[in-house]
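Input: a single structure, listed below in structure tokens.
2 protein chains.
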Amino acid sequence: MLKYVLLGFLNYRNASGYDLKQLMDVSTSNFWHAKQSQIYTTLKKLEEDGMVASHIEPQESRPNRKVYEITETGRDDLKNWLSQPLMEIESRKEKLLLKLFFSAQLDPEKILTQLRLQKTLHKDNLEKYQTITKGVVQQFAASTDMADDARLWEATRRFGELYEEMYIRWVDETIEKLEE
Amino acid sequence: MLKYVLLGFLNYRNASGYDLKQLMDVSTSNFWHAKQSQIYTTLKKLEEDGMVASHIEPQESRPNRKVYEITETGRDDLKNWLSQPLMEIESRKEKLLLKLFFSAQLDPEKILTQLRLQKTLHKDNLEKYQTITKGVVQQFAASTDMADDARLWEATRRFGELYEEMYIRWVDETIEKLEE
DNA sequence: CCTTTATATATAAAAGATTATATATAAATC
DNA sequence: GATTTATATATAATCTTTTATATATAAAGG
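Sequence lines, in order, name chains A and B. Each residue of the first sequence is one higher than the one before, starting from 1 at the first, in the numbering used here. Each residue of the second sequence is one higher than the one before, starting from 181 at the first, in the numbering used here.
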């Protein structure tokens, strides 16, 4: 999948591994994230497969940039993937729920503390979605002729916001029930 | 992490790899799932590490069962993990959002079709949480002295329900905005 | 003056997870 | 009579992801 994130970005403009990591962190990290090392190894594989091509851009006093561009093959693969419908729903992994599920033998106070901590973390995250990320989307929208893109990006930001709101509501509800 | 799911179940009662797969499918699959092959290889590793012990239960006309039980070491490890607080929020991966994010170049009708399809899938899933899974929790609660456990299990079921409701609302909202 | 942050790429090793395949039989469905 | 479902375990190969490490320097902050 990371493959398609990288092709997706490179379809807009050429970028280095470093650029792609920055782009992901401010835009897709909400629903798709990757470590730096994975991005570099995936780019390498994409080049071997002829999906992207690269050239070195020399820099003074900084390591040279290796800038990638998408090839026709890559563009075809991306468009093919985009048009392929998803027939299944995504499965989640939530460590907190896992702990909760097996926490009956534990001191009841301990799981409450953990729930309260997670609530704080999710509240901070919600604020992030309501400020920073919205700004990023608006910037993109204002500076380009990508009105369609901005609508789609706003929809993905909105998902993050709704998710965090739901999560916080669930934690509140759960704490209340466990305190009885 | 799968390690702790298996130890968590074995802390209740002895079970085979097959049993554990069944248990996960009806209870934790909402927030933690695993393929059969991963369960078997993880059990093997847990035995090598002295976290579980196994014995063969012969059966006629069926392959013999390999039944695992948790050891003291395993129990200690599980309790230690349970009491360790989670300092970070879980990151998600959502293919649908990824596609949506890069779908501007695509035929706009295509992404709407995919959104509608996902809505159907999530609606089915919501129904599942409201019927079958609730029944499983109630069964457990009625048949045992595990009232505390049942409250925690209900909380994890409730998460799945809230998540699906949120998801469906988001799809509706997004379809509406894109149809304008 | 010292530490941190930002810029930039790369690889090795390990862990986690999926896909595919093999074997075996009873019971139920078509 | 043929296929599917359920019972049961196991491994090989591959793919995905994380953790850790190495190198190098300018600018900004404390």
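Glycine residues also receive a C-beta, built at the ideal position from the N, C-alpha and C atoms. No experiment lies behind these values; they were computed from the predicted model shown.
- DSSP places tyrosine 198 of chain B within a helical segment (H, G or I) once states are collapsed to three.
- Taking leucine 280 of chain B as reference, the option from A:Leu20, A:Lys21, A:Asp148, A:Glu173 with the minimal CA-CA separation is A:Asp148.
- For tyrosine 248 of chain B, DSSP records a beta bridge to B:Ala195, B:Ser234.
- Contact note: histidine 33 of chain A reaches chain B through Ser271, Arg272, Lys273, using a C-beta cutoff of 9 Å and chain order.
- The beta-carbon distance between leucine 121 of chain A and isoleucine 219 of chain B, rounded to whole angstroms, is 30 Å. This is too long to meet the 8 Å contact definition.
- Closer than 7 Å to the CB of aspartate 328 of chain B there is at least one CB belonging to chain A.
- Non-local beta-carbon contacts of valine 52 of chain A in its own chain, meaning distances under 8 Å to residues more than five positions away in sequence, involve Leu6, Leu7, Leu10, Leu43, Leu46, Tyr68, Glu69, Ile70, Thr71, Gly74 in chain order.
- Relative to lysine 273 of chain B, the option among A:Tyr163, A:Gln84, A:Lys177 whose CA is nearest is A:Tyr163.
- In this structure, the straight-line span from the alpha carbon of leucine 297 of chain B to that of lysine 215 of chain B is close to 25 Å.
- With distances taken between CA atoms, lysine 119 of chain A lies nearest to A:Trp170 out of A:Trp170, A:Ser29, A:Leu178.
- Not one beta carbon of chain A lies nearer than 7 Å to the beta carbon of glutamine 216 of chain B.
- Below the 7 Å Cβ cutoff, chain A contributes no neighbours of glycine 254 of chain B, its closest Cβ being approximately 13 Å away.
- Neighbourhood of leucine 286 of chain B in chain A, by CB distance below 8 Å: Lys79, Leu82, Ser83, in chain order.
- In this chain, proline 243 of chain B is not harboured by any alpha helix (DSSP H), its DSSP state being neither H nor E.
- Tyrosine 167 of chain A and leucine 96 of chain A have their C-alpha atoms some 11 Å from each other.
- Annotated three-state conformation of serine 37 of chain A is helix, per DSSP.
- Any Cβ of chain B closer than 7 Å to the Cβ of methionine 51 of chain A would place that residue at the interface, and such an atom is absent.
- In this structure, the CA atom of proline 243 of chain B is about 26 Å from the CA atom of aspartate 229 of chain B.
- One Cα belongs to glutamine 202 of chain B, the other to serine 91 of chain A, and the distance between them is close to 17 Å.
- In this model, leucine 115 of chain A and isoleucine 175 of chain A are separated by some 7 Å (Cα to Cα).
- Close to leucine 266 of chain B, with beta-carbon spacing below 8 Å, are these residues of chain A in chain order: Lys95, Leu96, Lys99, Gln114, Leu117, Gln118.
- The beta carbon of lysine 183 of chain B sits closer than 7 Å to those of Thr222, Leu226, all from its chain and outside the five residues before and after it, given in chain order.
- Closest option to threonine 208 of chain B, judged by alpha-carbon separation, among B:Asp256, B:Leu258, B:Ala335: B:Ala335.
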